[in-house]
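Chemist: Under UniProt numbering, think of the first position of the sequence shown as 1, with each following residue one higher.
Next up is a structure, given as structure tokens.
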Amino acid sequence: MPASSASPSAQSINTQTGRPPMWTKSAQRKMTRLYVYTTLPLDIIVKLVHSRSPDSAPGVDSANKKLNSLLDKEPRWLHPRDEIDMGRRVTQLSNSPVRLTFAAEAAFDHQCLSPGATPVKMEASTSPLPLDASPFSTGAGAISAGQSPYVHHTPSGYPSAGTSPGLQVNTGSCADYPGHGGVFSSFLRRTTCLSSSTDRTTGSYHRVLSGYSEPYIQTVKRLVRRFTAPLASRSSIAPKSAGATTQPQWLDDDDGPRTFEGGPHPLPGDFLNLDMYIQQQLCHAPRETHAQRRCLCFNQFEGYVSRWATIHGLTTIAHRLLESGPTRSDVAGRDSSGNTVLHFLAARGSLETLLHALQTDICNPILNARNTGGQTFLHVIKRREMQKLDLLCQLLRLLSMRAFNIYARDIYGRNFFHLLHMEGLCPEAMQYISYRYDVEAYNKRDAFGIMPAGQPAPLSGQELRELDSVDRDWMDWEQTPSVLCPAFSPAPSSDPAIHKQAQLLANARLARLMPTLEDADGGNGLHSLAMSTLSHGSMAQKCRADRSGQEQPVRRQHNVDKLVDSCSTRLEFRHSLAAGILEAGADPNHYDINGNTPLMAFAAELPEEDDYKTGPKILDLLIEHGADVHARNRAGETALHIAVRCGRKLAVKTLVRHGANVHARDADSRSVLDVADIKMMSCRDEDPGDYAHYEACRAWLSSIKGLAVQKPTVLDEWGRA
């Protein structure tokens, strides 16, 4: 988001010789933090942020304008509703290893740099070494850029004061406060090691917050003075590249998770082999994940219920099932992640056992049942059993007579034919098995780029031109910006970004006539539409270049003020295009070659600066047409992960409203709150808007509406709702 003209650059802050700015970068971050984590009204927030210079504090109107520039229009839904909501948000904040580490550093720096009692510690007002900057490059206990930010924990589970050498620890507990802290007790207890001898002194906090309880005041004080923005040092982050680029930043994000090596793990089907993973130490997780004790070997399965497989081995019921098959009383049973008795027999039994169970009608009611990972029982068949081709064909023939959906896809877009492909069956065997099935139905690209029957041949240039001609005769495209709505084969632009945008929009148009058409990145028309730029103003913002290729500042001129993608007319146009593409039959769960679905692309790309209603309606439209909010990419990310990684607050809210799993973890076992923390660490001091978006995403997700937790358990992530 472009910096507001009211906010001076980082250079001007440090070289200012006249009147200081009303809204320093530090003041903007403090206001954001207090707004999304506390119930304080804005006028009180302004008084706290400017308590060192109350006479020159800006008014509420100025604060509202600044808040809208940081959090976009109508940010009131981000504000905690009551103290219960506030308490949950700050509790989850105190559960963050990243934020505790930086809070401890801030406390240590505060004592070193300002040993006397001061009303409010300024985050980064004019100091060349801001106190809220990351301790990457200075101070005891500094963290290297590649080092894990997780702090040491004592046996009690609370962070050790040793994370900040020299920190003066307040050994008092929340019981010192009237009411024992109430909803803030967990936050105050977990952050006791961050308090100093000045925490109980009177001063500006008590004056401004007169009438608030002591736990409330201490919570606010620690939010301002300790939980400062975990910004990376200026030297640790390369500056943003200037000029045009054809690759969206979210597709090439250093803060993104690694991709899975081999198959994704874990999935609910893996829990049917839980005893083998734990007792025989058959860990499929990467070595780093295992070393950090974040794999199945060390996960706590308290509360996880299974009638068949536990961490101690197979149950008596499981042995009976493997020996004599299921009875009608077995059919109703499910484990905590939705696995049925058929899932168990497929995962632990032989094909003979499975065939025997299916030859009666006992299992018909659960034939198409899926677990919370979208897996049918065919998805979890033991790999070596798939080599028994005669029995496998018998099983498939039997299922074809029972209305079984063999095209069902799991959360990674894989159907049964993807698993056969992964087994490395010879082409003749694959053809023999699949010839009776609809190739267009099963030959879908999954998150890992696999198409069981191979990539179909692309349309020729002549076929594309014919489609383009028909499309232009069929629809009126006068409302589309002419520079961004070219013929399919326009004269090549000298700017690769503009040429790329022209291709994307052309593909989005043609998708209404041929919904299976793919662009160069394997995306369908919905992907292309999500990535398309529909206005001159937004194209200039993306490219930041003039005709000579030199970088230009992003300014809104009076004649193009409304010609940006975030305005209502452009978003409504995008909505109408999406509706047309979906009605034509485009797959809302199609994966491109990067392993992302259209919902993920829209969650990353939809602008939120101006019109705050139409963007969510586009996501609503996709989901109403079948887009899966639980689908994951090859790095284990859901659309919600990506929305958080891109700081898209409205997308986060919309996805959660549609049932997105706030406890999902990516391939690096990172929760959505972890992702927000990591992104804040990469924010630069001169980008308070970026920080505000990530902090807002984190705060709302941890609210009584979002209900996210810092460290989801297996049951949190994969348990049935």
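Every residue gets a Cβ at the ideal spot worked out from N, C-alpha and C, and that includes glycine.
In this structure, how does DSSP classify T192 when only helix, strand and coil are distinguished?
Modeler: T192: helix per DSSP, three-state reduction.
Chemist: On the three-state DSSP scale, how would you describe G157?
Modeler: Here the model assigns G157 a pLDDT of 36, short of 50, so the residue's position is not dependable and the matter cannot be decided.
Chemist: Return helix, strand or coil for L314, following the three-state DSSP convention.
Modeler: Strand, per DSSP.
Chemist: If you follow the alpha helix (DSSP H) that C393 is part of, which residue opens it and which one closes it?
Modeler: Element bounds for C393: L389 to S400.
Chemist: Quick one: what does DSSP say A692 is sitting in, helix, strand or coil?
Modeler: Helix at A692.
Chemist: Identify whether A584 lies in helix, strand or coil by the three-state DSSP scheme.
Modeler: Residue state, collapsed to three classes: coil.
Chemist: So R574 and L529 are supposed to be a Cβ contact under 8 Å. How far apart are they, rounded?
Modeler: Right, the Cβ-Cβ distance comes to about 7 Å (below 8 Å), so this counts as a contact.
Chemist: Pull up the distance between the alpha-carbon of D565 and that of L504, whole angstroms please.
Modeler: Roughly 15 Å separates the two Cα atoms.
Chemist: According to DSSP, is A502 helix, strand or coil?
Modeler: A502 falls in the helix class under three-state DSSP.
Chemist: With distance defined between alpha-carbon atoms, name the residue in H590, G325, L351 and A578 nearest to V341.
Modeler: V341 has its Cα closest to that of G325, out of H590, G325, L351 and A578.
Chemist: Examine the Cβ distances between the region 205-225 and the region 19-34 and report whether three or more of them are shorter than 8 Å.
Modeler: With the cut-off at 8 Å, the region 205-225 and the region 19-34 touch.
Chemist: Taking the continuous alpha helix (DSSP H) assigned at A516, which residues delimit it?
Modeler: As written in the sequence, residue 516 is Thr, which differs from the Ala given in the question. Note, T516: premise wrong, no alpha helix (DSSP H); not H, not E.
Chemist: Keeping to the same chain, check which residues put their C-beta closer than 7 Å to that of D716; ignore five residues upstream and five downstream.
Modeler: Contacts found: H663 and V709.
Chemist: Per DSSP, what kind of secondary structure is G374 in: helix, strand or coil?
Modeler: Looking at G374 - three-state DSSP - the assignment turns out to be coil, as it is neither helix nor strand.
Chemist: Is it buried or exposed for D255, if we count other Cβ within 10 angstroms and need 16 for buried?
Modeler: D255 should be labelled exposed.
Chemist: Mind checking who A309 pairs with in its DSSP beta bridge?
Modeler: DSSP, once it has assigned bridges, lists L314 as partnering A309.
Chemist: Secondary structure at T289, three-state DSSP: helix, strand or coil?
Modeler: Three-state DSSP puts T289 in a helix.
Chemist: Note down the Cα distance separating D82 from T39, rounded to an integer number of angstroms.
Modeler: Spanning the two alpha carbons is a distance of roughly 6 Å.
Chemist: Quick one: residues in its chain with C-beta nearer than 7 Å to the C-beta of Y591, no 5 flanking neighbours on either side, listed in chain order?
Modeler: Excluding residues within five positions, the ones whose Cβ falls inside 7 Å are G413, R445, D446, A447 and T597.
Chemist: Helix or strand or just coil, what does DSSP make of T421?
Modeler: Before going further, note that residue 421 is His rather than Thr in the sequence given. Of the three classes helix, strand and coil, the one that applies to H421 here is helix, per DSSP.
Chemist: Count the other CB atoms within 10 Å of the CB of C485; is the residue buried (16 or more) or exposed (fewer)?
Modeler: Reliability fails at C485, whose pLDDT of 45 lies under 50, so the model's placement of it is uncertain and no value is given.
Chemist: Would you tell me roughly how many angstroms separate the C-alpha atoms of A579 and L650, rounded to the nearest one?
Modeler: Their Cα atoms are separated by approximately 20 Å.
Chemist: Going by C-alpha distance, which of K500, G719, Q92 and P712 is nearest C295?
Modeler: Measuring from the Cα of C295, the nearest candidate turns out to be P712.
Chemist: Alpha helix (DSSP H) containing G87: first to last residue?
Modeler: Per DSSP, G87 belongs to the alpha helix (DSSP H) from E83 to S94.
Chemist: Have a look at A667 and D438 and give me their C-alpha separation to the nearest angstrom.
Modeler: Spanning the two alpha carbons is a distance of roughly 32 Å.
Chemist: Take every Cβ of the region 365-376, pair it with every Cβ of the region 400-417, and state whether three or more of those distances are shorter than 8 Å.
Modeler: The region 365-376 is in contact with the region 400-417.
Chemist: According to DSSP, simplified to helix, strand and coil, what is E74?
Modeler: E74 falls in the coil class under three-state DSSP.
Chemist: Leaving out five residues on either side along the sequence, give the residues of the same chain with a beta carbon under 6 Å from the beta carbon of T126.
Modeler: No answer about T126 holds up, because its pLDDT of 30 lies below 50 and its placement is not dependable.
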